[in-house]
Structure formats: C-alpha cells, structure tokens
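Residue 88 in our numbering sits at position 88 of the sequence shown, and the numbers go up by one each step.
Beta carbons are placed, not taken as given, at the ideal position from N, Cα and C, and that holds for glycine.
A quick write-up on the structure given underneath.
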Amino acid sequence: MCLFRFKAKKSEPSPEYAYWLSQQKTFQDVHHFIDDFTYQYDKDQFGVEDYWQTPSQYFATNTGDCEDVHLFLADAIYRALGWESYLLIGWKWEKFPKAIAHGMTIFNDGKNYFLINYWDIIPMSHLRDSEALKRAGYTYFGGIFQMPDGKKVKG
C-alpha cells in the first residue's frame with residue numbers, strides 16, 4: 001500500500017547492492033532488474049498495512065509492492081547512473097471517497113524527463129507533467145521525492 005508521505009528508511013546500499021550498482025552502465029541495465037520481480041502486498045510480506053523497504057532490502061528479494069519497486073528504481077538510477085531521479089506518488093479516485101495511491105519513478109537523463117510505471121516509460125515535458133501522469137493512469141501528484149534523501153519537491 002502506498003501512502004502520501006515518504007516513509008522509506010534512509011540507508012546506504014548493502015555491499016551486494018553497491019556491487020550490483022557498480023556494474024550497471026545504462027538505464028536498460030538498471031531497469032532490467034525488475035523484469036521478473038514478484039509483486040507482494042505489504043500485509044502478506046510483512047504483516048502490516050504499509051511498509052516501505054529500503055532499496056537494499058528490495059534488491060535482496062526482488063519482491064515488494066509499487067513503492068518498493070519504484071523507490072529501488074529511483075535510487076538505482078541516481079546511484080548507478082548519476083541521474084536526477086524521484087519517487088512519485090500518484091493518486092486517482094476509485095469510487096468516492098476511496099482514492100488509490102501508486103508509486104512510480106521519474107528520472108531525467110540529462111536531456112529529458114521520463115515517468116516509469118513498471119515497464120511503461122512515458123516521456124514528460126517537465127517534472128510535473130500532468131498529461132504524462134494521466135497516460136500512466138493517475139490524476140493527481142501526491143508527492144514527488146528526490147533521491148537520494150527523499151526530500152519532497154515543493155511546488
């Protein structure tokens with residue numbers, strides 16, 4: 001389950017994750033890691049409603065939910081490639097008053113912004129491109145958190 005506030009624990013990469021990061025040379029190398037991940041709800045995996053894994057925890061199991069996958073991707077893009085990257089929490093209304101939150105990744109390769117929703121990579125005209133968010137199936141920006149420290153982007 002993905003909530004509005006940034007709840008990840010700030011941490012340095014484990015030795016195994018740090019070594020893997022040092023081997024990644026392209027965006028495709030980093031993104032390929034999630035090709036065979038296992039989606040698992042926090043309640044099933046950890047026995048709690050909402051638990052945010054560190055990127056190292058996710059790397060060790062390749063198992064988690066949306067914010068785990070996308071926090072890992074944002075962190076790995078930042079650390080391996082040195083690119084500006086963010087965890088995005090997007091929202092949409094399911095049936096009033098119930099809203100659904102979903103974690104996604106945004107990165108800038110030095111020329112352009114892109115929104116990642118698992119395997120969909122959507123070009124963005126700028127960091128808060130609402131049309132790109134709509135193409136990903138979401139309506140509202142709940143929060144954009146810059147890597148590596150998770151500081152919320154204002155505005």
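For residue i, the first and last residue of its enclosing beta strand (DSSP E)
i           : result
residue 92  : 84 to 95
residue 101 : 98 to 108
residue 113 : 113 to 117
residue 120 : 120 to 124
Within 8 Å, strictly: CB atoms of residue i and residue j
i           : j           : result
residue 76  : residue 55  : yes
residue 99  : residue 87  : no
residue 129 : residue 113 : yes
residue 30  : residue 24  : yes
Residue from the options whose Cα sits closest to the Cα of residue i
i           : options             : result
residue 83  : 136, 27 and 60      : 27
residue 108 : 117, 130 and 124    : 124
residue 93  : 53, 138 and 78      : 138
residue 10  : 57, 31, 133 and 153 : 57
residue 14  : 40, 48 and 61       : 61
residue 101 : 133, 35 and 151     : 133
Integer-rounded CB distance, given that residue j should sit under 8 Å from residue i
i           : j           : result
residue 141 : residue 103 : Wrong, their Cβ atoms sit about 12 Å apart, outside the cutoff.
residue 42  : residue 50  : 6 Å
residue 52  : residue 71  : 7 Å
residue 136 : residue 122 : 6 Å
residue 116 : residue 144 : Actually they do not touch by this definition, with Cβ atoms about 13 Å apart.
residue 46  : residue 63  : Not really, about 11 Å apart at Cβ, beyond 8 Å.
Straight-line gap, residue i to residue j (C-alpha atoms, nearest Å)
i           : j           : result
residue 155 : residue 126 : 13 Å
residue 19  : residue 97  : 45 Å
residue 149 : residue 66  : 19 Å
residue 147 : residue 85  : 6 Å
residue 12  : residue 59  : 13 Å
residue 32  : residue 17  : 15 Å
residue 39  : residue 95  : 24 Å
residue 153 : residue 35  : 29 Å
residue 110 : residue 68  : 25 Å
residue 151 : residue 78  : 14 Å
Extent of the continuous alpha helix (DSSP H) run through residue i
i           : result
residue 44  : 42 to 46
residue 17  : 15 to 23
residue 140 : Note, residue 140: premise wrong, no alpha helix (DSSP H); beta strand (DSSP E) at 140 to 146.
residue 57  : 55 to 61
residue 27  : 27 to 32
residue 73  : 66 to 76
residue 134 : 130 to 135
CB contact below 8 Å: residue i versus chain B
i          : result
residue 12 : Considering every chain present, this structure includes no chain B. It has just one protein chain.
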